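First up is the structure itself, then whatever we jot down about it.
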Amino acid sequence: MKTLRRIAARTLVVALPVLYIVVSTAGTGHP
Amino acid sequence: MRNLSTPHSVAVRTASIALGVFVSDAVSKAAAPALVSLHGGLGFVLPIQNAEYSFGIASASLPLMLAASALGILAFGGYTAWSATHGGLPAWIPGLLIGGGAGNLIDRLLFGAVHDWLDLGKVVVNLADLAILAGLAGYLASVALHRRAESRLERL
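So the protein sequences, as listed, match chains H and D.
The numbering used here puts the first residue of the first sequence at 2, with every later residue one more than the last.
The numbering used here puts the first residue of the second sequence at 112, with every later residue one more than the last.
Printed below as a string of structure tokens:
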């Protein structure tokens, strides 16, 4: 249970920032 | 030396940094078109609009994109701000993340697209994007340092 919780926490630590980059930034490739 | 940071002072610092990022981003976006007339944008100003997320990685209807961005700020911005007030992160990290996220969110809300203007060669971005990337780099570095300290303590 403790291991599962640790894996879930570590996944969130990486997944949340990645999601945040996707929904918050708006860079464009050079036209 | 005593640490004089209280949750309130950290919250004020976070809000001040977020506001500073938001205002700088809005002013630079508004000034970009005028800068183009100066020597062709000085070689790094190229105002364009992006109605999608970064590099077209995802797109949806505008209300859905606005809701996802707002939810992102509430969830991740809120989490990092909470963590900062509890001593887990420096205040500049949620400040940059929330200020940058809010800058692009308001841009989308008002104009239906985000204004990019800073031409970095292969990509065109804005100050909000840079603030978010800097905040994120700080967040990941902070988490990594925290983990290292934890595993050192476990070995003792």
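Note that beta-carbon positions come from the ideal geometry of N, C-alpha and C, so glycine has one too.
All values derive from a computational prediction rather than experimental measurement.
Task: Limits of the unbroken beta strand (DSSP E) element including isoleucine 159/D - done: The residue given as residue 159/D occupies position 48 in the second sequence. Residues 156-161.
- [ ] For isoleucine 8/H, go through chain D and note every residue whose CB falls closer than 9 Å to its CB, in chain order.
- [x] If you number the first sequence from 1, residue 8/H lands on position 7. By Cβ distance, chain D contributes nothing, its closest Cβ being about 14 Å from isoleucine 8/H, past 9 Å.
- [ ] Throw me the rounded Cβ distance for the threonine 29/H and valine 235/D pair, which I believe falls under 8 Å.
- [x] On the first sequence, position 28 is the one that residue 29/H refers to. On the second sequence, position 124 is the one that residue 235/D refers to. That belief holds up - the Cβ atoms of threonine 29/H and valine 235/D are roughly 5 Å apart, short of 8 Å.
- [ ] Could you tell me which residues DSSP pairs with leucine 229/D in its beta bridges?
- [x] Here the question's residue 229/D lines up with position 118 in the second sequence. BP columns for leucine 229/D point to Val156/D and Val236/D.
- [ ] Check the Cβ of threonine 12/H against every Cβ in chain D and list those closer than 8 Å, keeping chain order.
- [x] Counting from 1 along the first sequence, the entry for residue 12/H is found at position 11. Within 8 Å Cβ-Cβ: nothing; threonine 12/H doesn't reach chain D, min ~13 Å.
- [ ] Please confirm if glycine 167/D has its CB atom under 9 Å from at least one CB of chain B.
- [x] The structure shown contains no chain B; the protein chains it does contain are H and D.
Task: DSSP state of threonine 26/H mapped onto helix, strand, coil - done: In the first sequence, counting from the first residue as 1, residue 26/H sits at position 25. The answer is coil: DSSP assigns threonine 26/H none of H, G, I, E or B.
Task: Nearest to leucine 20/H (by Cα), restricted to the options Ser148/D, Ala186/D, Thr196/D and Ala143/D - done: Looking up residue 20/H in the first sequence gives position 19. Taking each of Ser148/D, Ala186/D, Thr196/D and Ala143/D in turn and checking the Cα distance to leucine 20/H, the smallest one comes out for Ala186/D.
- [ ] Indicate the three-state DSSP secondary structure (helix, strand or coil) for alanine 9/H in the structure shown.
- [x] Position 8 of the first sequence, counting from 1, holds the residue named residue 9/H. Of the three classes helix, strand and coil, the one that applies to alanine 9/H here is helix, per DSSP.
Open item on the list: Run through chain D and tell me which residues come within less than 8 Å of threonine 4/H, C-beta to C-beta.
Closed with: Position 3 of the first sequence holds residue 4/H. Ordered by position in chain D, no residue passes the 8 Å Cβ test against threonine 4/H, which lies about 14 Å from the chain.
Open item on the list: Let's test the definition: count the other Cβ atoms within 10 Å of the Cβ of arginine 7/H and tell me whether it reaches 16, buried, or not, exposed.
Closed with: For the purposes of this step, residue 7/H is taken as the residue at position 6 of the first sequence. The residue in question, arginine 7/H, is exposed, as its Cβ has fewer than 16 Cβ neighbours within 10 Å.
Open item on the list: Strictly under 9 Å for the Cβ-Cβ distance: is alanine 192/D near chain H by that measure?
Closed with: Taking the second sequence and counting its residues from 1, the one referred to as residue 192/D is at position 81. Closer than 9 Å: no.
Open item on the list: With a threshold of 9 Å between beta-carbons, can glutamate 261/D be considered close to chain H, or not?
Closed with: Indexing the second sequence from 1 puts residue 261/D at position 150. No, because no Cβ of chain H sits closer than 9 Å to the Cβ of glutamate 261/D.
- [ ] Identify the contact partners of alanine 186/D in chain H, using a Cβ-Cβ distance below 9 Å as the criterion.
- [x] For the purposes of this step, residue 186/D is taken as residue 75 along the second sequence, with counting starting at 1. Correct list: Leu17, Leu20 and Tyr21.
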